[in-house]
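Student: Chains as they are written, first to last, in the working numbering: chain A, 1111 to 1262; chain B, 3 to 412.
Glycine included, each C-beta is placed from N, C-alpha and C at the ideal position.
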Amino acid sequence: MTFEMGEETRIVQGMWDISTYQYMIDGRGMKLLVDSMKEKKIRGIKCSNCGTVYVPGPTFCRKCYIDCDEVVEVQDTGEVMSFAVEMADVRGNPVEDYKLTAMIKLDGADTWIIGTITGIDWKDARIGMRVKTIWVDEPVGSLSDIDRFEAI
Amino acid sequence: MRDVGIIGVGYTPVFVSKRKDVNISEMISEAVDAAFRNTNLTPDDIDAITYGNMETFEGMNMPHLWGADHCRAIDKPYMRIATGGTTGMSTLHSAYYHVASGMHDVVMAITWEKQSEGDSQVGLGGIVMPEAVCMAQFGMDLFGGKGMGAMGGGSTGAAAYQATSYLHHSGASPEHIDKMAALERSNAALNPYAHLRKKTTVEDIQATPFIAWPLRFGHTCPTSDGATVVIVASGDKVEKLADSVAWINGVGCGTSDPATGNFIEGQITDPAEQEAAKMAAAKAFAMAGIKDPKKEIDMAEMYNGFAHQSLMWLEKLGLCDEGQAHVMLDRGALNIDGELPTNASGGVFSTNAIGASAMNRPAECALQIMRKIEGGHQIPKKIKNAVSHGWGGMFQYVTVTVLGDEPRHG
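(1) Chain B partners of Ala1261 (chain A), CB-CB under 9 Å?
(2) So, under 8 Å CB-CB, Phe1166 (chain A) and Gly149 (chain B) are touching, yes? Tell me the CB distance rounded to an integer number of Å.
(3) Count the other CB atoms within 10 Å of the CB of Tyr1133 (chain A); is the residue buried (16 or more) or exposed (fewer)?
(4) Within 10 angstroms of the Cβ of Ser188 (chain B), are there 16 or more other Cβ atoms? Answer buried if so, exposed if not.
(5) I'd like to know whether the C-beta of Tyr1175 (chain A) is nearer than 9 Å to at least one C-beta of chain B.
(6) What do you get for Ser103 (chain B), buried or exposed, if any count of 16 or more other CB atoms within 10 angstroms of its CB means buried?
(7) Just to confirm, are Ser312 (chain B) and Leu336 (chain B) a CB contact at a threshold of 9 Å?
(8) Could you tell me whether the Cβ atoms of Ile129 (chain B) and Met314 (chain B) are closer together than 9 Å?
(9) For Met131 (chain B), which three-state DSSP category applies?
(10) Could you tell me which chain B residues have their CB closer than 7 Å to the CB of Gly1218 (chain A), listed as they occur along the chain?
(11) List the endpoints of the continuous alpha helix (DSSP H) containing His66 (chain B).
(12) Counting beta carbon pairs with one atom in the stretch 271–288 of chain B and one in the stretch 232–248 of chain B, are three or more of them shorter than 8 Å?
(13) For a test of the three-state rule: what should DSSP assign to His310 (chain B), helix, strand or coil?
(14) Using a cut-off of 9 Å between C-beta atoms, extract the partners of Val18 (chain B) located in chain A.
(15) According to DSSP, is Met1115 (chain A) part of a helix, a strand, or is it coil?
(16) Kindly indicate which three-state DSSP category Ser103 (chain B) falls into: helix, strand or coil?
(17) Pairing CB atoms from the stretch 1235–1251 of chain A with CB atoms from the stretch 115–131 of chain B, are three or more of them under 8 Å?
(18) Please classify Val1190 (chain A): does DSSP put it in a helix, a strand, or coil?
(19) Within this structure, are the beta carbons of Val1205 (chain A) and Ile1227 (chain A) separated by less than 9 Å?
(20) Can you list, in chain order, the residues of its chain with a C-beta nearer than 6 Å to that of Pro79 (chain B)? Leave out the 5 residues immediately preceding and following it.
(21) From what residue to what residue does the beta strand (DSSP E) around Glu303 (chain B) run?
(22) What residues from the stretch 61–92 of chain B come within 7 Å of chain A, judged by C-beta to C-beta, listed N to C?
(23) Would you be able to state if there are at least three C-beta pairs under 8 Å between the stretch 195–210 of chain B and the stretch 280–296 of chain B?
(24) I need the DSSP call for Gly56 (chain B), collapsed to helix, strand or coil.
(25) Which same chain residues end up closer than 6 Å to Met3 (chain B) when comparing Cβ atoms and leaving out the 5 residues on each side of it in sequence?
(26) Taking only beta-carbon atoms, is Glu32 (chain B) less than 9 Å away from chain A?
(27) Is Cys136 (chain B) helix, strand or coil when you go by DSSP?
(28) Under 7 Å Cβ to Cβ from Glu1118 (chain A), same chain only, skipping five residues before and after it: list those, please.
(29) Grab the span of the alpha helix (DSSP H) containing Glu241 (chain B) for me, first residue to last.
(30) How many Å lie between Leu1253 (chain A) and Lys1150 (chain A) at the Cα?
(31) Would the beta-carbon of Thr401 (chain B) fall within 9 Å of that of Met91 (chain B)?
(32) Looking only at its own chain, which residues have a Cβ that is under 7 Å from the Cβ of Ile381 (chain B), when we skip the five neighbours before and after it?
(33) Spatial neighbours of His100 (chain B) within its chain, please: CB distance less than 6 Å, with the 5 preceding and 5 following residues excluded, ordered by chain position.
(34) Starting from Thr1221 (chain A), find everything on chain B with Cβ-Cβ shorter than 7 Å and list it in chain order.
(35) Does the distance from the C-beta atom of Thr89 (chain B) to that of Gly256 (chain B) stay below 9 Å?
(36) From Ala214 (chain B) to Ile250 (chain B), what distance separates their C-alpha atoms?
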């Protein structure tokens, strides 16, 4: 007797539930940042050796690889370093309201953040453009205490 | 270190969106068989095997163990590599180290992805999962764009910021991205192992919608199913076993700050800066004895998930001055019959089985050097030195391989 090779192939549905993972992360720099945002201020960490200002602050300098804990306040104004205009959602479907988002270097910081810019036609957006933070009315100590940025 | 050469390449018969007729191991075995067929070698000739893909794209932790028989790896040393977009080239580098060190003489490097069996956005999301979960807990609106954040650019992610920054600093225009895209898609039309194979005009590209300005749908890569296998051998084995060879003369790898994604430790910087690329290229060129890459390199295969990147990498790798890549494009220098044919294969931008994408770059260079290109994209001039490049991670991890028609040393 021989085995007959059939046509059948099955596709089985799999699931890998990433919500069951638990990650440990040093959140001290993030806490420093969101606590300051409650006062509508932005604080990061400065390296005592090279002077780099990180927002949010790590507990060590990535370049010098030394511990650092000097808290510094940076401005809530900054410069657009790069930008994009989102015309589709994350699945590629077109959206009606274009959104101008930018990489922004806050005055006094060496690292960048990303935020939405309003109050300007996207066609007028430029690298080097100045922007200011628009805070929510009642900050609670969250990254969402910044509502958006506006062109100055 | 010993001389090491690529003596054969095997591809799956096609690279397409969805291989419904084979499972993962069966698909890989097609490329393994092709590599044996193309070299007239048998599994007995192989001393060790390196293997690369990215686990989150199929949601499978150890596919190399499932596929050990199809990879003809039973009873052999077997090493798995996973370094993101660079996986394919890292797998080749691993094979190179196996042989250059003197540990092994003939090594097979297997790379693949079968993206139709998973979800690419979930796979990419896996890269930043711990950071993303943490940032969400601190109030970041991950996809809505409200507040202070580390993610943006819509479905292209930070590639759109990279493109804007690159255009600004290079003086290229968005139309140059359209032009590069049309050139590469038209090259892909000549390549039987490319995925998107349609002769494409600048107007065709410009008719596609913007996803995140300055990037259009027509500037983005597909997701593909496919596998690529390369066999490398030591100098003395090349003489005994091979009828043609492309020498691996320089390898380099560079890492720098993530540029995007890791907001928690304040690591967001310019995604178009690419110090890692400069570092990796300098190392690989020095090792290969290439003193002036602008003059000595005859062809380039750049890793480009997005069409602007081909131009950007030419500058970062030192194949032209900063701001000159689009000028070369305009004068036809990047065409298959130009001074520096770039992505004659169609690039990652036309074929993207992620684990194999950074392997297809040196594989294409090797076949061009050996003049064994199938299809219509053989570069007419003699290729003495070729450079291939891989890119991935959080914008900051780069590999470079320099290949040549003769062994060269720095």
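Tutor: Once the coordinates are examined:
(1) Identification of chain B residues near Ala1261 (chain A) by a Cβ-Cβ cut-off of 9 Å yields none; the smallest Cβ-Cβ distance measures about 16 Å.
(2) The question names Phe, but residue 1166 (chain A) in the sequence shown is Pro. In fact, because the Cβ distance is near 13 Å, the residues do not count as touching under 8 Å.
(3) The residue is exposed, with fewer than 16 neighbouring Cβ atoms inside 10 Å.
(4) Ser188 (chain B) should be labelled buried.
(5) Interface residue (Cβ-Cβ distance to chain B less than 9 Å): Tyr1175 (chain A) is not classified as such.
(6) By the 10 Å Cβ count, Ser103 (chain B) comes out exposed.
(7) Going by C-beta atoms, Ser312 (chain B) is nearer than 9 Å to Leu336 (chain B).
(8) Cβ atoms of Ile129 (chain B) and Met314 (chain B): not closer than 9 Å.
(9) Here Met131 (chain B) sits in helix by DSSP.
(10) Going along chain B, no residue has its Cβ under 7 Å from Gly1218 (chain A), so there is no contact; the nearest lies around 13 Å.
(11) Its alpha helix (DSSP H) spans residues 65–68.
(12) No: fewer than three Cβ pairs fall under 8 Å.
(13) Helix, per DSSP.
(14) Near Val18 (chain B) there are no residues of chain A at all, since even the closest Cβ is about 17 Å away, more than 9 Å.
(15) Reduced to three states, the DSSP call for Met1115 (chain A) is coil.
(16) Here Ser103 (chain B) sits in coil by DSSP.
(17) Verdict: no, contact absent.
(18) The three-state secondary structure of Val1190 (chain A), taken from DSSP, is strand.
(19) Not closer than 9 Å, so no.
(20) Cβ within range, chain order: Ala50.
(21) 301–303 is the span of the beta strand (DSSP E), which, as asked, contains Glu303 (chain B).
(22) Here the close residues are Gly61.
(23) Output reads no: the stretch 195–210 of chain B does not touch the stretch 280–296 of chain B.
(24) It should be pointed out that residue 56 (chain B) corresponds to Met in this sequence rather than to Gly. The DSSP-derived three-state label of Met56 (chain B) is coil.
(25) Cβ neighbours of Met3 (chain B) within its own chain (closer than 6 Å, five residues either side excluded): Ala102.
(26) For Glu32 (chain B), not one C-beta of chain A is nearer than 9 Å to its own C-beta.
(27) The three-state secondary structure of Cys136 (chain B), taken from DSSP, is helix.
(28) Sequence-distant partners of Glu1118 (chain A) (beyond 5 residues in either direction) whose C-beta falls short of 7 Å from its own C-beta are missing from its chain.
(29) That run of the alpha helix (DSSP H) goes 237–243.
(30) Near 11 Å, if we compare the C-alpha coordinates of Lys1150 (chain A) and Leu1253 (chain A).
(31) The answer is yes: Cβ separation under 9 Å.
(32) Annotation for Ile381 (chain B): Met301, Ile338, Pro343, Ala346, Gln370 place their beta carbon closer than 7 Å to its own, counting only its chain and skipping 5 residues before and after.
(33) Its chain contains Ala50, His106, Val109 as the residues whose beta carbon lies nearer than 6 Å to that of His100 (chain B), once the 5 sequence neighbours on both sides are disregarded; these appear in chain order.
(34) By Cβ distance, chain B contributes Gly268, Gln269, Ile270, Thr271.
(35) No. Outside cutoff.
(36) If you draw a straight line from the Cα of Ala214 (chain B) to the Cα of Ile250 (chain B), it is about 38 Å long.
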